[in-house]
Amino acid sequence: MILLQINQLVKRFGAETILDNIKLEVKSNDRIAIVGRNGSGKSTLLKIMAGILSYDEGEIHRSKDVTLGYLDQHTGLETDETIWNEMKKVFSSLIEEEKNLREMEAKMGDPDLLADQSRYQQLLNQYDHRLTMFKASGGYQYESDIQAVLHGLNFADYDFNTPIHELSGGQKTRLALAKLLLSRPDLLILDEPTNHLDITTLSWLEQFLRSYQGAVVIVSHDRYFLDHTVDIVYEIAHQRSKKYHGNYTKYLHQKALDYERESKAFEKQQTEIKRMEDFVQRNLVRASTTKRAQSRRKQLEKMERLDVPKGDESAASFSFSIKRRSGNDVLKVKDLSYRYPNEETFTFSNLSFNVNRQDRIALVGPNGVGKTTLLKTIISEYKATTGELTFGTNVEVGYYDQELAKLHSRKTALMELWDEFPHVNEQEIRTILGNFLFSGDDVLSPVSTLSGGEKARLALAKLMMKQANLLILDEPTNHLDLTSKEILEAALIDFPGTIIFVSHDRYFINEIATHIFEQSHGGITVYLGDYDYYLAKKQEEAEIEALNQENSVTKTAITEPKTNYHEEKQKKQQERKRLRRIEEIETEITLLEEKISTNESELVKPEVYQDHEKALEFTKHNQELNQRIETLMEEWEVLQEDLVE
1 MILLQINQLV KRFGAETILD NIKLEVKSND RIAIVGRNGS GKSTLLKIMA
51 GILSYDEGEI HRSKDVTLGY LDQHTGLETD ETIWNEMKKV FSSLIEEEKN
101 LREMEAKMGD PDLLADQSRY QQLLNQYDHR LTMFKASGGY QYESDIQAVL
151 HGLNFADYDF NTPIHELSGG QKTRLALAKL LLSRPDLLIL DEPTNHLDIT
201 TLSWLEQFLR SYQGAVVIVS HDRYFLDHTV DIVYEIAHQR SKKYHGNYTK
251 YLHQKALDYE RESKAFEKQQ TEIKRMEDFV QRNLVRASTT KRAQSRRKQL
301 EKMERLDVPK GDESAASFSF SIKRRSGNDV LKVKDLSYRY PNEETFTFSN
351 LSFNVNRQDR IALVGPNGVG KTTLLKTIIS EYKATTGELT FGTNVEVGYY
401 DQELAKLHSR KTALMELWDE FPHVNEQEIR TILGNFLFSG DDVLSPVSTL
451 SGGEKARLAL AKLMMKQANL LILDEPTNHL DLTSKEILEA ALIDFPGTII
501 FVSHDRYFIN EIATHIFEQS HGGITVYLGD YDYYLAKKQE EAEIEALNQE
551 NSVTKTAITE PKTNYHEEKQ KKQQERKRLR RIEEIETEIT LLEEKISTNE
601 SELVKPEVYQ DHEKALEFTK HNQELNQRIE TLMEEWEVLQ EDLVE
């Protein structure tokens, strides 16, 4: 089923055309990525699809009754409500229906209604229908759905009664995503949903979207995320759209093949055109060949000429070099700890590891374990509380700050570099800035007016000029579009020095890392491989731990010492007693439910519902039975908790 279809869509901002002749189709259960350079119009297209922005030409067809949910990349919940109450708003209709059902149940016990059997039967039928719909809509599971999504988006340790206005911007964005996921629209449109998510949360979101019962359209710079969630890619380039089947990696491969094929076809046609033009020029004036020349000229006029294949638009071009080579031992860290001033607990403690020349080390771990703090401790921006840091011979450090705080907002792009490297002449500085896509008067733009991507490229230009042999990078792919990320990867792969970096970009980690350092508050675990190797080892460790726990339980059961025999015997007796009582309760509940069902069957018989006293007797009996079931269920839950303990 086609949920949404776009044909020949055109969008302009003033005289500038942003999107032209866009074609896109979304079917049920599609997983679609929209990719393209920053500024290509991806977010604009999503807003048009969501009905937030208008368009100038073309058509958009949306199937009747299709529900649509949209997440803006800058969205954050702004409310005084608590986390739990705000999430419950998604299910306001279910909560209202639950209230209505309780009111209908109360009416069923009204003696006056029982006296009017026609009205009573009508109410009973309505109740049965609405209860069935309530169950089918998730009326009995919405609270568990809320908990599952909040846990998945890293709110497991939060008090759900926390007011949302007290949370950070990133937390508010995650809650906006949570609320949208809970609403489960037929078409989910997500603009950069991976922002503010750590690796564990990203993995959960991937699994959620893969199993989502609806269509999903995503804009994201996280290539690993796209590889694991989408099966269709629409590229927006040169204002046009082009469709590719497969995930992001397959899209890149197919795009390269298409460009090669189109280039060969264009070159072949150009060769043929030149050959025909030469023939016409040589033979048009000769009487014996003029007719053939005229025929060739007509062929040339009718020929449908291929356009020059359009490759990637201008992209940054750079590489990292070093002034001199460091020794083999680059960095030794022993029992390193850090605690913020006026804080009682350590951000991290007892970290020990070694870094050798040409290692590429990715620091991973959940948000809050102090990865950025560790990097700032290594570069001496923070002073370690305890422990030792020892650099090797000839080590020179270059640092990239994810906050881009090292840039001066009042300086121009040109002076940002020139003040740092005054011995370099202006023309060379301009050339370097040109390689990072700052051309002409762009180099005179104040840093404060630059976009996030432009600031990131400027910071990378400064880092490149430093020619350090140890690069310490904190989220270097933030703010970069997909093409810029790939260029940065290529530059770092060829870098002859050593790299320590923090990144949530798993594709980037896979391309760069030779070692994974998993950081926790109390130590570091080293994995000798890329991110996929790290995942495989973590899975293997989890399986071994589960097996060891199973064996431990078995061994404990076998080798339990006899010194506690009487105590253990008493525990076993209590456990058997609880189990017997649980069975008794379950049996009694089953019998009570059968009795309620029998009474309801009697209530619909004419000889009963026409007899006011009989109908009232059955109704009261059912109310008593339901009350007994509730009492038994409370006892059953207590017994189950005791068994677990």
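Heads up: the sequence shown is residues 1 to 645, going by full-length UniProt numbering. No residue lacks a Cβ here, since even glycine has one placed at the ideal position from N, Cα and C. Computed from a predicted structure; not experimentally measured.
Cβ separation of residue i and residue j, assumed to be a contact under 8 angstroms, to the nearest whole Å
{"i": "residue 198", "j": "residue 73", "result": "The pair is not a contact, with the Cβ atoms about 17 angstroms apart (cut-off 8 angstroms)."}
{"i": "residue 461", "j": "residue 396", "result": "Contact flag wrong, Cβ pair sits at about 17 angstroms."}
{"i": "residue 413", "j": "residue 445", "result": "6 angstroms"}
{"i": "residue 506", "j": "residue 224", "result": "4 angstroms"}
{"i": "residue 4", "j": "residue 26", "result": "4 angstroms"}
{"i": "residue 352", "j": "residue 335", "result": "6 angstroms"}
{"i": "residue 456", "j": "residue 480", "result": "6 angstroms"}
{"i": "residue 300", "j": "residue 293", "result": "With 8 angstroms as the limit, residue 300 and residue 293 do not qualify as a contact, their Cβ atoms being about 11 angstroms apart."}
{"i": "residue 164", "j": "residue 88", "result": "In fact, because the Cβ distance is near 13 angstroms, the residues do not count as touching under 8 angstroms."}
{"i": "residue 529", "j": "residue 516", "result": "7 angstroms"}
Three-state secondary structure assigned by DSSP to residue i
{"i": "residue 221", "result": "coil"}
{"i": "residue 359", "result": "coil"}
{"i": "residue 402", "result": "coil"}
{"i": "residue 408", "result": "coil"}
{"i": "residue 310", "result": "coil"}
{"i": "residue 435", "result": "helix"}
{"i": "residue 158", "result": "coil"}
{"i": "residue 73", "result": "coil"}
{"i": "residue 354", "result": "strand"}
{"i": "residue 596", "result": "helix"}
{"i": "residue 12", "result": "strand"}
{"i": "residue 396", "result": "coil"}
{"i": "residue 573", "result": "helix"}
{"i": "residue 345", "result": "coil"}
{"i": "residue 141", "result": "coil"}
{"i": "residue 382", "result": "coil"}
{"i": "residue 423", "result": "coil"}
{"i": "residue 318", "result": "coil"}
{"i": "residue 527", "result": "strand"}
{"i": "residue 213", "result": "coil"}
{"i": "residue 562", "result": "Because residue 562 carries a pLDDT of 47, less than 50, the predicted location of this residue cannot be relied on, and the following value inherits that uncertainty. DSSP places residue 562 in helix when its eight states are reduced to three."}
{"i": "residue 514", "result": "coil"}
{"i": "residue 227", "result": "helix"}
{"i": "residue 601", "result": "helix"}
Inter-residue spacing [alpha-carbon to alpha-carbon] between residue i and residue j
{"i": "residue 174", "j": "residue 206", "result": "15 angstroms"}
{"i": "residue 350", "j": "residue 571", "result": "42 angstroms"}
{"i": "residue 649", "j": "residue 134", "result": "The requested residue 649 is not part of the displayed model; the chain covers only 1 to 645."}
{"i": "residue 630", "j": "residue 594", "result": "15 angstroms"}
{"i": "residue 182", "j": "residue 62", "result": "22 angstroms"}
{"i": "residue 56", "j": "residue 50", "result": "15 angstroms"}
{"i": "residue 24", "j": "residue 426", "result": "47 angstroms"}
{"i": "residue 240", "j": "residue 39", "result": "13 angstroms"}
{"i": "residue 251", "j": "residue 233", "result": "7 angstroms"}
{"i": "residue 551", "j": "residue 539", "result": "18 angstroms"}
{"i": "residue 83", "j": "residue 634", "result": "28 angstroms"}
{"i": "residue 520", "j": "residue 348", "result": "7 angstroms"}
{"i": "residue 30", "j": "residue 235", "result": "16 angstroms"}
{"i": "residue 47", "j": "residue 11", "result": "11 angstroms"}
{"i": "residue 28", "j": "residue 212", "result": "11 angstroms"}
{"i": "residue 512", "j": "residue 502", "result": "11 angstroms"}
{"i": "residue 219", "j": "residue 80", "result": "30 angstroms"}
{"i": "residue 194", "j": "residue 222", "result": "7 angstroms"}
Buried versus exposed call for residue i [16 or more other C-beta atoms within 10 Å across all chains shown]
{"i": "residue 563", "result": "With a pLDDT of 46 at residue 563, under the threshold of 50, the modelled position of that residue is not reliable, and the figure given next carries that caveat. Result: exposed."}
{"i": "residue 67", "result": "exposed"}
{"i": "residue 577", "result": "exposed"}
{"i": "residue 111", "result": "exposed"}
{"i": "residue 560", "result": "Because residue 560 carries a pLDDT of 48, less than 50, the predicted location of this residue cannot be relied on, and no value is offered for it."}
{"i": "residue 245", "result": "exposed"}
{"i": "residue 265", "result": "exposed"}
{"i": "residue 484", "result": "buried"}
{"i": "residue 647", "result": "Outside the displayed span of the chain (1 to 645) sits residue 647, for which this structure offers no information."}
{"i": "residue 410", "result": "exposed"}
{"i": "residue 52", "result": "exposed"}
{"i": "residue 361", "result": "buried"}
{"i": "residue 231", "result": "exposed"}
Cβ of residue i within 7 angstroms of any chain D Cβ
{"i": "residue 254", "result": "Judged by its chain identifiers, the structure shown contains no chain D, having just a single protein chain."}
- [ ] Output the residue ranges of the beta strand (DSSP E) runs that lie fully inside the segment 437-504 and measure 3 residues or longer, sorted by chain position.
- [x] Listed in chain order, the complete beta strand (DSSP E) runs (minimum 3 residues) inside the segment 437-504 are 470-474, 498-502.
Task: beta strand (DSSP E) segments (min. 3 residues) lying fully within the segment 229-310 - done: Taking 3 residues as the minimum length, the beta strand (DSSP E) runs contained wholly in the segment 229-310 are 232-237, 240-245, in order along the chain.
- [ ] Would you list, in sequence order, the uninterrupted beta strand (DSSP E) runs of no fewer than 3 residues that lie entirely inside the segment 51-136?
- [x] For the segment 51-136, whole beta strand (DSSP E) runs of length 3 or above, ordered along the chain, are 57-62, 68-71.
Task: Length at least 3, wholly inside the segment 152-199: the beta strand (DSSP E) runs in chain order - done: Secondary structure remark: continuous beta strand (DSSP E) runs of at least 3 residues inside the segment 152-199, in chain order: 187-191.
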